[in-house]
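Beneath this line is the structure, given in structure tokens, with notes to follow.
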Amino acid sequence: MNQLLNNAPCGFLVFADDGNITEINLTLQEMLGFEREELINFNIAKIFSTGGRIFYQTHFFRS
């Protein structure tokens with residue numbers, strides 16, 4: 001990941017169409033309290049609260 005994004009003061013991640021995290025910066029790793037290896041290929045929906053999960057499923061996976 002670009003050094004600028006990795007050290008940005010805000011959390012940043014990239015996820016695939018299936019919702020699995022493919023990239024995550026150091027700031028967000030620290031915010032979530034996990035190591036990079038634990039978060040890569042982790043499904044983003046599992047991080048959200050119930051309301052966040054509903055929003056994510058509604059807006060990213062419309063039929």
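Note that the sequence shown covers residues 1 to 63 in my numbering. C-beta: ideal position from N, C-alpha, C; glycine also. For clarity, every value in this text was computed on a predicted model and none was experimentally measured.
Under a 10 Å Cβ-count criterion, residue 54 is classified as exposed, with fewer than 16 other Cβ atoms of the shown protein chains found around its own Cβ. Counted as a single uninterrupted DSSP element, the beta strand (DSSP E) harbouring residue 24 occupies residues 21-24. A direct Cα-Cα distance of roughly 10 Å separates residue 18 from residue 41. Burial check for residue 4: the Cβ neighbour count within 10 Å stays below 16, so the residue is exposed. Secondary structure at residue 7: coil, using DSSP grouped into helix, strand and coil.
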